[in-house]
Amino acid sequence: MIQRDARQFIPNSEQALQDTTLQTALARAKSGFLGKRRKAIALVDDFEFLKQQAQAAKQRALDNIPALLDQFEHNLNAAGGQLHRAATPDDLNRIVLDICQRRQAKIITKGKSMVSEETHLNTALEQAGLDVVETDLGEYIIQLAKEPPSHIIAPAVHKTRQAVAELFRHHHALGERDLNEISNLVEEARQMLRQRFLAADVGITGANLLVASTGSIAIVTNEGNGDLTATLPPVHIVTASLEKLVENLEDAGAILEVLGRSATGQAMSAYTTFFTGPKRPSELDGPEEMHVIVLDNGRSDILQSEFAAMLRCIRCGACLNHCPVYSNVGGHAYGSVYPGPMGSVLTPLLEGLNQGHVLPNASTFCGRCAEVCPMGIPLPDLLRKLREQEHRQQLDSTGWRMVLRFYSWLATRPRWFHLAMRAITFTQRLLRDASGTRLRVPFSNGWNRQRELPAAPDATPFLQQWQKQQERKP
Amino acid sequence: MNTVERFIETLTANAAHVSCIRQLDEAIPLIERFMQEKALPPRLHLSPALQREWPVSNGITLSHGTTDGTHKLCASRAWAGIADTGTLVLLSGPDNPTRLNFLPDYHLVFLRKDQIVADKKAIWQKLEQQGALPRAVNFISGPSRTADIEQTIALGAHGPRFLWVFVEG
Amino acid sequence: MTTEPAQPPLVALFVTCLVNSQRPAVGFATVKLLEQAGFRVEVPPDQTCCGQPPYNNGLTDEARRIAKLQIQVLEPYDWIVVPSGSCAGMISVHYPHLFENDAHWQERARRVASKTRELAAFLAQQGVRFAPGPDTPTATAHHTSCSCRRETRSHTQADGLLQDCLQDQLKPFAEPEVCCGFGGTFSAKFDALSARMGSQKLDSIEAAGARTVVSADLGCLLHLQGLALRQQRDLQFRHLAEVLADAEPQRENKRP
Ligand code: SF4
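Chains as they are written, first to last, in my numbering: chain A, 1 to 474; chain B, 1 to 169; chain C, 1 to 256.
Given below as structure tokens:
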């Protein structure tokens, strides 16, 4: 079993590499995401310009968070909504639970919200005896499977259609039916969830943006589940994190320009809705109450740190889709709420370095994530800074630490360094196998479990050979 | 290509159906024929805004107001269209209940040519000018869809499976 | 009136610890290419390592100390040429960052950085061209390291040089922009993942019908070669410098 523990990344990833169903699903997901994004970007004249606009919009907001949150609250109140500030995940869960209990709610529908994953809201609500239904199809599938999401925008990306059909047969008592086609599965989920939408007492959604100048929250979906969750039940609760704030509608628009294209390769997702407060007196529909809970969970501190750039993240998932590590092991191997490059930065920041310190190492620094990130987040640099902290706090392995320290000691002493190089090449000569192509290593280590050590053809390092040649010259 | 043509093109690419009509009453025979083809009961649920201007249409039973999900065909009026991305903008209000946008199987949206703008920039300005925003501003770019199973796009996930836009004028 | 012919510029070869210890021939090939292009070449004897192993593992103070030594050793030269994208990227991109809180050293780091070039970038900048030589390999795939692609950004220059000398024997393969999985210490710490990524790279190279793999980064090459040996794939591995040194230099290579 893959463990939900970020410290177990190595065993988890090795297991994921052996899982052939997972590998099939991942390969399909990768080519799908990459192709769609590439096409969408090719269609715009100047995507770089759009990226800059989006980054500037977000940066303006990050530079001014406390004031924007106040302004957001003021405008939300004016529209009849209510703001709640949650310092910790527990705070957020408690606020939600209080509202649900006050309303004597039984059935809760949920739109996709990574923040609620971060606070493990479903567990908290279920423990209080509430019936929680995820309505995003992907989230619904993994809720049935009792698994965490494996991707921030496609939570069930690791499931094949056969696996989904099996889950539906098990959980929906509908007798014999044809579930071979994806359209049949989608239809069945539609029918099952339709009843829940109409019966729900409280709807909980995330938010892609909080607009300070209007007090609005924006939700982007393709299914329409976010709107149904927000509109049908008498209470709408929004769970969002601090960095979702933007100054005004135009800045929100700048971010929407890059979000859809980077995430699903759409210029605009099927549904983008700005909600501003609950039902107005003259209106025929809409919720009676609207609550927006803004989660901090360490973000105010991150904002003051060298990791502030991470808060520009708009959760588009492009860095996951383009990451050679993520696309080989999938999201569960990370053992954390947020996987992939953005997760490898966020997990240690949100859950502590103790819990998350392995993840920043799970990167070759190939740089593709930073290249595709629409928000210009220097992910490899942030990963390297986390490795620095890992080393400072002595969380790295003692063996590696000793080796690297010794190597560094040598590398600042040219005489010793070159002596060591000679010793290495000399030893290598002794280890060559009969064919002379590889080294016979007396112990098994990370390098040679699945690889040979190619033999060096010379017994003397380049520098010594070169110096000899120069001496021989007249 | 002008803005209207571009709007029709992008919206069609978003899997919506678009019909151009000179005025509202031209839509009625089209809708009647559609109901026959799809073997749908001849019932249409209108937003209050549309209900006020709806012409006599004897072949179709009309109702209006918000919906509880029992209405298969609902029709609303849009506030704007965005050519660049093939997007409709609908504003909530006493005349425009938002459930109509999400609960029916078939969503029919009426829009005048002069409401179509080139890109979102103009929309943000128009909205800011409105002062306080309505409860919901819905940007709709095609029917409901999902790619959550095997990255394969399927229409009609939770919202309308079919989006039919009537461009008037 | 006559003028003394000016001395040709002096190039320091920063040979890198891997080339130094594992493939000295790459060092000699690099010298040959630089001299062929009309430069004087020196190999500063006190150079050691660019400092990537500690730097990429969070030992920033150690990396800084190593960087200071290399800066001192390299600053007297007109150019610093490195037969490796990752080591060239370390010096030209990361050294200045290492001294963000030290104006004096940052200035020195910047100056060295601005004179440092990955080999292919340097040759291309000098207008060097090649034609096939007698030992030029056939059916060859060019694996661009991620550092050449995204740090030194010299991959198109390397492609250009190789295109001239390999011509129709340069075989394009699928997903060239994806990492081969080497990543320095990553290859040992996450060996299963690294091996999977490398095997995928070798699969696409073989699928393109290539039999020789050329790259400007020895780390990637040794990792891929190690996998190919274990998996008994019939592939040859050569450094860009070796392939170019075997090619026929065109006349305009000589500085006037
Ligand atoms: S880090 Fe960048 S690419 Fe990754 S999810 Fe966030 S915004 Fe998207």
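Just so you know, even glycine gets a beta-carbon here, dropped at the ideal spot from N, CA and C. Quick caveat: nothing in here was measured; it's all calculated off a predicted structure.
Contact with chain A by residue i, beta-carbon distance below 8 Å
| i | result |
| --- | --- |
| B/F7 | no |
| C/L193 | yes |
| C/K258 | Within the shown structure, residues of chain C are numbered from 1 to 256, placing residue 258 of chain C beyond reach of any answer. |
| C/V15 | yes |
| C/M90 | no |
| B/V165 | no |
| B/A136 | yes |
| C/L22 | The question names Leu, but residue 22 of chain C in the sequence shown is Gln. Cβ-Cβ to chain A under 8 Å: yes for C/Q22. |
| B/K113 | no |
| B/R52 | no |
| C/P132 | no |
| C/T48 | yes |
| C/F99 | no |
| B/K120 | yes |
| B/T3 | no |
| C/P54 | yes |
| C/L244 | no |
Near the ligand SF4: residue i beta-carbon under 7 Å from a heavy atom
| i | result |
| --- | --- |
| A/G260 | no |
| A/I255 | no |
| A/C319 | yes |
| C/C259 | No answer is possible for residue 259 of chain C: the residues shown for chain C start at 1 and end at 256. |
| A/M342 | yes |
| C/R65 | no |
| A/D379 | According to the sequence as given, residue 379 of chain A is Leu; it is not Asp. Yes, since a heavy atom of the ligand SF4 falls inside the 7 Å radius drawn around the Cβ of A/L379. |
| A/C373 | yes |
| C/R150 | no |
| A/R315 | yes |
Any chain C beta carbon closer than 8 Å to residue i
| i | result |
| --- | --- |
| A/S408 | yes |
| A/V329 | yes |
| A/H391 | yes |
| A/V325 | yes |
| A/D19 | no |
| A/I153 | no |
| A/L463 | yes |
Residue i versus residue j: straight-line alpha-carbon distance, rounded
| i | j | result |
| --- | --- | --- |
| A/A79 | A/R280 | 9 Å |
| B/N2 | B/A83 | 9 Å |
| C/H239 | A/A455 | 15 Å |
| B/P42 | A/R161 | 36 Å |
| C/T60 | C/Q47 | 19 Å |
| B/H158 | A/S213 | 31 Å |
| A/H291 | A/I107 | 17 Å |
| C/V243 | C/L74 | 26 Å |
| A/N225 | A/L137 | 9 Å |
| C/C146 | C/V81 | 18 Å |
| C/V213 | B/Q125 | 56 Å |
| C/K254 | C/A195 | Low local confidence applies: a pLDDT of 49 at C/K254 is under 50, so the model's placement there is unreliable, with the coordinate-based value given in what follows. Each residue's Cα considered, the two are about 42 Å apart. |
| A/V186 | A/R38 | 26 Å |
| B/A49 | B/E32 | 21 Å |
| A/A240 | A/L295 | 6 Å |
Chain B within 8 Å of residue i, Cβ atoms only
| i | result |
| --- | --- |
| A/F49 | no |
| A/R194 | yes |
| A/M1 | no |
| A/V164 | yes |
Expected contact under 8 Å - CB spacing of residue i and residue j to nearest Å
| i | j | result |
| --- | --- | --- |
| C/G181 | A/T364 | 6 Å |
| B/L88 | B/A78 | 5 Å |
| C/A265 | C/T30 | As shown, chain C starts at 1 and ends at 256. That puts residue 265 of chain C outside it, with no answer to give. |
| C/V26 | C/L235 | So it is not a contact: roughly 18 Å between Cβ atoms. |
| A/L69 | A/G330 | The pair is not a contact, with the Cβ atoms about 35 Å apart (cut-off 8 Å). |
beta-carbon residue i near the ligand GTP non-hydrogen atom, thresh 7 Å
| i | result |
| --- | --- |
| C/N20 | Of the ligands one can find in the structure shown, namely the ligand SF4, none is the ligand GTP. |
Positions along the region 160-180 of chain C whose CB lies within less than 8 Å of some CB in chain A:
Hits within the stretch, in order: E177, V178, C179.
Against chain A, which members of the region 210-226 of chain C pass a CB distance test of less than 8 Å?
Listed by position, the residues of the region 210-226 of chain C near chain A (Cβ gap below 8 Å) are L222, H223, Q225, G226.
What are the residues of the region 299-316 of chain A that lie near chain C, defined by any Cβ-Cβ distance shorter than 9 Å?
So the list is empty, because no residue satisfies the distance condition.
Check distances from the C-beta atoms of the region 59-79 of chain C to those of chain A and list, in chain order, the residues that come in under 7 Å.
Within the region 59-79 of chain C, the residues whose Cβ lies closer than 7 Å to some Cβ of chain A are L59, T60, E62, R65, I66, L69, listed in chain order.
Closer than 8 Å, Cβ to Cβ, to anything on chain B: give me those residues from the region 281-300 of chain A, in chain order.
Cβ contacts with chain B come from S282, E283, L284, D285, G286.
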